[in-house]
Structure formats: structure tokens, C-alpha cells
């Protein structure tokens, strides 16, 4: 190490070159999102990652819950976006050494580790890997399979550059240089040494993520490391994955056979106050286990899956349904029991697990494989990290944050996003990343745009005189497509189609390498049309269009054949038919691209103002963050006063004085010169589109017309009014919020009660409201602790189904249990019964009867008061608001984000964003995070002067126009008007106003007006190709039969 | 029953980008299975789905055509094109019925982006229904050529129908019920007979005559019209110079 340091040379700090706005430390999904948002919002970003490629843990996951989206498929386009972003500089294999300076002016010293491969020369061809003689366990595959001393981190890695590990023979004993010999680009450079790089930035975002718990470090190691067939959930994730150690086959480590009977053990290293364990709940394991169960059954429908669990914590959006889906699968058992590993059977290497059930008592059962659902630790070396950055940690080793701003660290100018805040799932990591971006923006507003650059593309080749030359690229998507569709035969078929001059397959067509190949092939083979047969254009079309631009072809000469979502995934049992269908889908795409035309996009100005709908904590926080970055904000609240639901909350578990906080927040909002507050307001109309909305707001008898570029929906949620448990009939029965208000008022009857029963899950987790309200368990624990603090003698019972005190809130649950607050589990068929009676002393009590499964008997509690954990329900005016802003609602009535994982605060409708409980129930600190997140996303739009409008707009062929006016009457955008020509009135389209729905095209009797990119000719060709083979080109030209 | 099970219909769907296509994607992501003989074409709005597109699909031998849009009130566009799709669907069904094609072969459904399971359910249900209907034409007992000429006749009439639609069928309704009422009511029937049916009969006669000379009686028999209707249409068509009576053949031929 000493020697190593000597070899470090200081690279000269070039003025300007190493000067940026923000440094994002660690390139997992959170860091990537922060970098992308900030880069797009006009800041120069350094993205520093210590491993050889960006991606983080998400890149290792097979699928993501609760949609079971392919993890790599949704993350890798972001890698590519980062790499191509003109304002993002990615520095991999680089660690932070020192941080000096202060907010606005940091100097960060980085150590760039030697890869021994020249990044600018390596093409990622992997010839070196093929020839390298050294085999060692692959860290990306959790060391289950082997890789070579020189290799690329993973197939879709950014940068797609090999690196040499310390297992290299040359590095050890200077004996082998075979890689140098075979590298055609002379990229191997053993003379590389660690480099010291100094970078100046104004702000830093820490996004180092988490480290999975290592069971070997637990007191009870569950046999991990001793018994071959005990694996961790992350190991299992790799086993499930098509790019994993066994190409997506789930095989046992001991004998490489398919395990048939698999057990999962929950809470490994979580909710465990033992050496090596964590007291908190890791928040993600319940649902990722359910995902693994569903996927296992997908791989092997006959598999027997058993999950040994504590509480099932399905507290997130759509998690409850996801759990039900897993639970209902045949051969799946969820058993609530603590377990211990029995033994490994020597002959079979099977593992036995001891557990107990109320019915059968203690049992020992044999399994082929055991998966440990390991929790999340703070990132490796967290203390060192804290020291380097000069930030404080909490008692668990995660970043210490401010409850009213979970993105802020203890050092100004340094922000934290993602799982270093505490156990978070992917959408929360993405939200906090956007939020951190917004806070950097607040800090650095004055220098926005100073260092930013625009992307440039080569000039477009004019192909108008060329015959169509089509390239077809068919993706295996790991095994997602390839396992069902015979991809090579699809490629062969594509080659037989007219005008197809090139076809090939690729393991992951979305990888940078593949994108480069497409661009090269376009240039080499003179392609002028491209078909990618892979996944859905809704996520991946922008990526490939960009590839076409880079290759100098108009981006509209492209079509995606969706052979994954619309084929391999929905016909997974019918391989032959699916292959046939895939060929037909490709044929339809080929037919379509033959007729596509090059289109021009144009720029529309962006109104720099934002509208925030809803003046609760989320709305106010979001408005402030936007306004602090120099944009005018209109904040519209339907009630007389700002504050929303928080007006009824007085304290949080963490001890925040909510009312004081709210007063301060309101003051800031009212005093902000750029925020215009409209209370008692109703939105009557909203028109326009991204960058240019016009919304009319009626308030105090006046109608204001607001022109704004972006809108944020933050209209909150309501509390369910229970009809159960004598609520409304007996004033001793109240909701959690009502209890809290009475505690805050110091109401005698409440604080002096002898006994109080809290009943959880009132109005949700049932058929008509099939979701968990997320906050109620913590809410009840909070009120119970508060009451115990005021009146230690009070008997408090919490009747619950699953305690869902996820994350650090688990500590408060433990504290409550320690303070003799009694927790009694009930099951839904046997709900508690409440009766108003007199007890033997003639006292009026509420008698609560409930079956206690632990004691196996019926419990009767005489309570003075009952508090109901009433569901959080979607806001009453959701439908009106959703209709006004053209956004959708989920089946439960909450607002539906554009993508559950990666676009959690965006809507499908561009320019409209989402935060707070309108999205889903959440705690105050979570709503605040999300509000900052939405503000960050808003800034990616408002910081630009223009937005690019699609080239797919309507146009009129005046020769055919008969001036019937049909098009004009259907276009509510007013994009079509008559104009005078020498031949009379003719329709004309204003492309700026045209939104490309194509209604006019459908009603035009003569085909004079048509929607570009969806013309009759193009659609007819697809329809015809759906049923029969394509006509050969010469015939096509002659016939020209487009009607 | 046996053939019904073996019969694999050809089904083509037109789905809007924002809701139904996304719903279909979600069905995929969630692995909800449906039959592989359904293929989809993406359009930006269900309102873009032109009568001509649907007819093109049937002319190509589609046994079923599906249109998927956003739920009423949830259209991505202020134009609320999904109501146009609804209106087009009713009109198209009427036309199909008029030429003897079972209107159930055309189906429109609202599927939101979050309804992956509903998309799969709709696909499975529609597939089952179309299987019951049997192959296009065969299920109705129309022979292939007759079907072809009938669909061609309707297709030729699309520009005219669009004009009629513009003049007489632009409906101000904003509820599915109002559309249903209108299109199943007497006024629409009268309107249809007055405008479209007349033209359609003439169009069908002319289409038929393109295949060869026929007498009034033959035409009436082939097209399932009364002889007096046919002669009325022939007279007006002769006047307009569309057909003529070929003395040598003793039959009508195109002019």
C-alpha cells in the first residue's frame, strides 16, 4: 500500500476542465437519477463510482417489484442516457479521497484506480477475456460463477471497458501478458498507476446506497458459508437472472440441480437485536421475497415455495395485491414462524429448518435450497465515508438526516439520496435523487447553465433518393425473449423480407455496445431504415431514435417491434406460436418502416412558471423549492388555509413539533416573493400542453388565468370515516387523527383513561380497498407511546394484523412493546367485536373481544376508549383533477405515476408531476422528500428555454382538400384553420398547436389531411403485413395503392 | 365444437399509445397470458382509428378487430378522441351488419395503463367469442368472393360515409349511454337507410358488375335485395352514367 501511494501521481488541475457544479458520489440508480436531473437542468455533473461500472445493486437484480419489470431493461437506458449526456462526466473505478471547502466551493480529491486498460482505446470486444488464463469468482454474480482476471463488469456496463483485477498474473508475478497480445487496439496498459484528480464543485450528493447484510457476520449465521445450498437473496437474484451464473437457470450450488423445494427465511439481519444484526426493518425484503417466489414459480410451475416470515410488510403502493398474488400461487406457503436451521443432510446436501405453528407445534422440514432474505446495512466503510465528507451518522450507521428534510446532511452543501438515508426501495431512491437535485439547484441557482453544453449530432443523410435499406435487430433480452421466441429463426426470417439488407440478433440490444453496433451498421451497410425487435417503444424508442440520429439518419426512420411485452411474456407457454407471432410482428414493422418519412421536430418555448395544486406540506415544500430556484409558482389550495392534513397532526414518532413546523412553512410560503397563493380556490379549466399550460382558477369570486410550463398535483388524501366498531354511535370511539387531536388538547377523558384499545386496518386491506394505508401502524405506536409518556398507568392494546413499522420505525415498535403496550394479532375473518356494556362494577365500558392466536383463546378487554386506524383514502376531488390535467388514477383511486420504479413523480402526460399522499399514503418526511423530488423534476423542464415537439403532426395536401371543415371541427386544439388560396379555402395545420392525435385524419373524407408517422399508407402496410407476406418492392412501387 | 376449438382466428387490435398499449405492456410485464393470434398496431389515439383501417383489416381476412382506448374522460388529448372511436365503432358495426358480417367481430374496449389484467381478460374473452363466431364469412355463411365484393363496396363508400358523418352524425354526447341510445335508436336507423344504405346498394351493384355482366334478377339474388330495389338503383345509376345496359348480353355492365 505504501508503495502504491508512492506511485500515485498528481494530475495537473486544468482550469475549467475539472470544474463542475455538482459531484454525485456513487452511480447506483439514485446517483444516476440525480446526475441526469441535474445535467438536464443545466448543471455540469461529475458522477463518481468506485466500481468499474455504474448501475449499483439495481443492475444485479433480475426483476423489480411490484410490476416484475426486468431490472436491467429499465435501468440500462439510464446508463446510456448518462453516458450520452453532454453535462455528465462519469468517473468509474474512482474513489473520493478528501473533501475540502464549503457549500458552493468544494474541492474534492479523487483517486482513480488503475484499470490497466486504456478507456479511450478499449472497444469492449472481450477478446482479452476469452484469452485470459486466470479464472476467479465473479463479484457481479455474487461469486457464484467464475470470470477472468480481465473482463467487463457486466454485459451492459457503462463504460463498456474491461478492467484487470488483482488476480492478474502479470500484476502478481509479471508472468503473463496474453491480453496485450490479443488486443487489437493496444488498449492494455500495465504501466497505469492510481491517479489523483482534483475536482471543484459547488455541491455534493452522496448516494452510496447500501450493503446487503452478510449472514456470516450474524450470531446465527443460518449455515451460510457452511452449507452449500443456503444462499442469500442477492445470490438468488443472480440465479434467477438470464445474465446470471447459470443463464437464468435456478441451480443448487452443491450439485447444479434444479431445486424443487425452496424456503425463504425473512428478517435475516433485520429486526434482530443480536450481534451483527440490525434493530430496524429493512423495508424491502418482504416484497422482494414475494417477487422471488413469483419468479421461481415462473421458472418452474411445480416448485414448492415456503416463506418463513414475521409480519408481512406490504406497505407500498400495490404491494398488498402483489402479496396476494404470491400467496395464491399453488404450492406456495407463507408460514408465520421464527425458524432455525437444523442440519445439512450429508447425502443430498438438503437443509432442514425447524419452525413452529400454532396448530402443529414444532416441526423440522427438509428443503432443497434455503434463501436468506438478507436486510440492508449501511454502505461498506460508512464511518470512513462520514469522516471524509464531514457528515454525521445516525446510530445505525446511516446518514443522519433532518426529519423535515431527509435529503439534507449535517454539512451544508452535501446532500444525501437513496438508501444511505435508511432502507429505501428503488422509487424512493429515485425520488430522493430528484429531490437532492432540486436542493443543489436551490444552492447553485445563480450558476445554472454556465457550464452546461448541448448535444450535437452529425448532419442527417438525405436518403430521399434511396430505396429503403432496412436493418433488423432482434433482441434476446437475456432470456426474456430468447427463452420463448426462437430468435435466430426470427433473424433468418427477417432477412427474407423485402428491402431488408441486414438482420442480426443481440443479447441486449439496449446495451451501449449494441447501440454502437447499430450505429456502425447503419454507416457501414448504408441502412436508411431500422427495425428493433425487442421490448416496448414506450420506454425504449427514445434510446434507439437517438442512435439513429448519431448515425446520421432521421430518427423517424425507426420502428420497434414489441416481441417481449406483446409476445414472449404473454405467450410464454406457446413457444412455436410465439415465434411465429414474433416473425409477423417483425414483418409488420418492416412493412411500416418502408413507408416512413423523415420528419422534423421543432422547439416550443417553455413558460417558466409552475402551478402547484394543493397547499399541504407536499405542495408547499414543492412550491418553495421551485421558487427558490427563481421560478414563479402559483399555489392553489381548495381550503381556506394552507396546511392540508398536517393541520391535524401534532407530533411525529421522531419527535417533530408538526404545528410549529407548519407555521414556519406557511410563513415561508406567504413571504416568498415568487409564490402566489390562491386559497378557497377551484380550478375550472386547464388546457395546453407541456411547457405551455393555461389554467383558470376561481378564488374569492375572481377568475385568474395562469400560464404555466409545469403543473404539480399534490392534492393529498382523506381520512376514511369508519362505519365499523360503533364509530359515530359512541363518542368513545374515534379515529387515530381524532385521538391525536384530543391528546394534543390534553383532553382529560383521553389522558386519564384507564384503558385504550387501538384497532388497526379499519377500512383498508379488504376487498373494496385492497391496499395498506402504510402509516397507521406507526401512527398508532406513536399515539400509544405518547399516552404512556403522559399516563404510564394506562393499559394500551393494539389489535393488529401485521405491524408494518418499516425502516427505523421498527425501533419505536420495539420501544412500545417494552413499555407494556400489548400487541394482539387478529385475522380478518375473525375481526374484533366491540360492544358498549357495563362491567361488573357498573362502569360503562367498551368491551372488545378478539381471538388471540398466540394464547389460543378469546380475549375480552374492557376499554374506556377505542382508537381506529382509519384508512387513508384517495382525495374526493381526484377525478376532477385527473380529468383537468389528463392524468390517470390507479385502481385504488390514487394518482398513477408514469412508471412505478423509475418515474415515480412524473405522469404519463408530459409536464405534469406528482407528490404527497395523492400518490399514496405516506409519512410527513416521505411527503417532503417526494415534494423535493417533484420540484427537481419540474426544474428539468423549467430550466430549459424550449421543449422539443414531436415531428408527428398533421399536414394537409391541398390538392385533395374539399374544404368540408371536418378536420377543423374535431380539433379542439385549434390547430387546423382555413386559409385562402387561389383555389379557394383550404385547411392548414399549425404544427405548434397540433398534438398528433390524428382525429382529423380519421374524419377527413378525401385523405387530404394526414397524421405524419401514422398515415393511412403506413398503417395500411402494417395491417396488410399482419395477414400476409409483403409484396416485393418493385410491385409496391408500381402499384402505389395507398388510399 | 371440434372445429371451433381448432379454429385459430386472426385478430388485429388498434390500441392507443397512452392507455391500452400501456395496458398491454403491463399485461406482458405481469405475464398475464392470452392467445398468440392477436396482434396489435399502435396509434396515438383511438380516435385515429379510421373506418378505412378497420375495413382494411376485415378485407385482409381478420376474423376479429379490436379497438382499445382510454376510459371516457381519461383520453390523453383534449379532443377526447375515444368518443370518436366509439361513434366510429357503432357506425362500422352497422355497416358490417348491413353487408351480413356479424358486428360482434368488431369490439371496442377501454383499458387504462394500469389495467394489465383487464387487457388480458378482454383479449381472452374476445378470442373466445371470435372463435365461436367462426372464420370471417364462413361463420356468416357468405362465400369468399361475395364477402370480398361487399367489403369492397363499403370501402369504396368510406369518403361518402365520412361526409355523411360530418353532416349528420357529429354527436355532442359525452357519455357512453348517450352514444348507445343514439346508435340503437330509430333516428339513426332512418338516417342510415336514407343516406348510407342507398349508396351502399349502388356501390355493391357496381362492384358486382365489375366482375361480369348480370341481369336485374341475378343481381337481386346475389346481393339479397328485392328486384324492384335493384331496378330502382340501376335506373338511377344509368342516369348518372355509372352503368349501362349491354343489349348484346342482355345484362348490365359498368359504363
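Protein chains in written order, with our numbering: chain A, 576 to 1618; chain B, 11 to 265. Glycine included, each C-beta is placed from N, C-alpha and C at the ideal position.
Please report the residue range of the alpha helix (DSSP H) in which residue 1195/A lies. 1192-1202
Could you name the residues of the same chain whose beta carbon sits closer than 6 Å to that of residue 1209/A, not counting the 5 residues immediately before and after it, in chain order? 1186, 1251, 1281
Go ahead and pull the three-state DSSP assignment for residue 1249/A. coil
Compute the Euclidean distance between the alpha carbons of residue 257/B and residue 1569/A, then round it to the nearest angstrom. 56 Å
Residue 1430/A bridges to which residues according to DSSP? Answer by DSSP bridge pairing: none, since residue 1430/A is not bridged.
When we look at the beta-carbon of residue 964/A and count the other beta-carbons within 10 Å, is it buried (16 or more) or exposed? buried
Going by CA-CA distance only, name the one from 867/A, 898/A, 1174/A, 841/A that's closest to residue 814/A. 867/A
Could you tell me whether the stretch 700-707 of chain A touches the stretch 805-820 of chain A, using the rule of 3 or more Cβ pairs below 8 Å? no
Could you name the residues of chain A that residue 117/B contacts, counting a contact when the two beta carbons are closer than 8 Å? What residue 117/B touches in chain A: nothing, since even the nearest Cβ is about 17 Å away.
Can you grab the Cα-Cα spacing for the pair residue 123/B / residue 1461/A, in whole Å? 13 Å
Select from 1138/A, 816/A, 1576/A, 1444/A the residue whose C-alpha is nearest the C-alpha of residue 51/B. 1138/A
Note down, in chain order, all residues in the stretch 21-42 of chain B with a beta-carbon under 8 Å from any beta-carbon belonging to chain A. 22, 27, 28, 29, 31, 32, 34, 35, 36, 37, 38, 39, 40, 41, 42
Please tell me whether residue 42/B and residue 130/B are closer than 8 Å, where the distance is taken between their beta carbons. yes
Residue 86/B touches chain A at which residues, Cβ-Cβ below 7 Å? 1461, 1484
What do you reckon, are the CB atoms on residue 58/B and residue 1577/A nearer than 8 Å? yes
Please report the residue range of the alpha helix (DSSP H) in which residue 1363/A lies. 1351-1365
For residue 1114/A, which of helix, strand or coil comes out of DSSP? helix
Taking just the CA atoms, how far does residue 1489/A sit from residue 1203/A? 19 Å
Between which two residues does the beta strand (DSSP E) harbouring residue 215/B extend? Here residue 215/B belongs to no beta strand (DSSP E); instead the alpha helix (DSSP H) covers 208-221.
N-terminal and C-terminal residue of the beta strand (DSSP E) that residue 1516/A is part of: From DSSP, residue 1516/A is part of no beta strand (DSSP E) but of the alpha helix (DSSP H) over 1499-1517.
Please confirm whether residue 55/B has its beta-carbon closer than 8 Å to some beta-carbon of chain A. yes
Is the CB of residue 1217/A under 8 Å away from at least one CB in chain B? no
For a contact defined as C-beta to C-beta under 7 Å, what are the partners of residue 632/A on chain B? In chain order: nothing, as chain B lies at least about 21 Å away.
Thinking just about the alpha-carbon of each residue, which of 1193/A, 1065/A, 1085/A is nearest to the one in residue 1154/A? 1065/A
Integer-rounded CB distance, given that residue 1028/A should sit under 8 Å from residue 661/A: 4 Å
Here's a check: name, in chain order, each residue in its chain whose Cβ is nearer than 6 Å to the Cβ of residue 1536/A, leaving out the five neighbours to either side. 1561, 1562, 1583
C-alpha distance - residue 628/A paired with residue 860/A, whole-angstrom precision: 25 Å
Please state whether DSSP places residue 1171/A in a helix, a strand or coil. coil
Keeping to the same chain, check which residues put their C-beta closer than 6 Å to that of residue 874/A; ignore five residues upstream and five downstream. 825
Quick check on residue 1471/A - is its C-beta less than 8 Å from some C-beta in chain B? yes
Does the CB of residue 1602/A have a neighbour CB from chain B at under 8 Å? yes
Short of 7 Å in beta carbon distance, which residues of its chain neighbour residue 852/A, apart from the five on each side in sequence? Order them along the chain. 793, 844
6 Å Cβ shell around residue 152/B - same chain, five flanking residues per side excluded: 110
Would you please verify whether the beta carbon of residue 59/B is less than 8 Å from any beta carbon of chain A? yes
Less than 8 Å separating the beta-carbons of residue 1303/A and residue 1018/A? no
Looking at chain A, is there any beta carbon in it that lies within less than 8 Å of the beta carbon of residue 246/B? no
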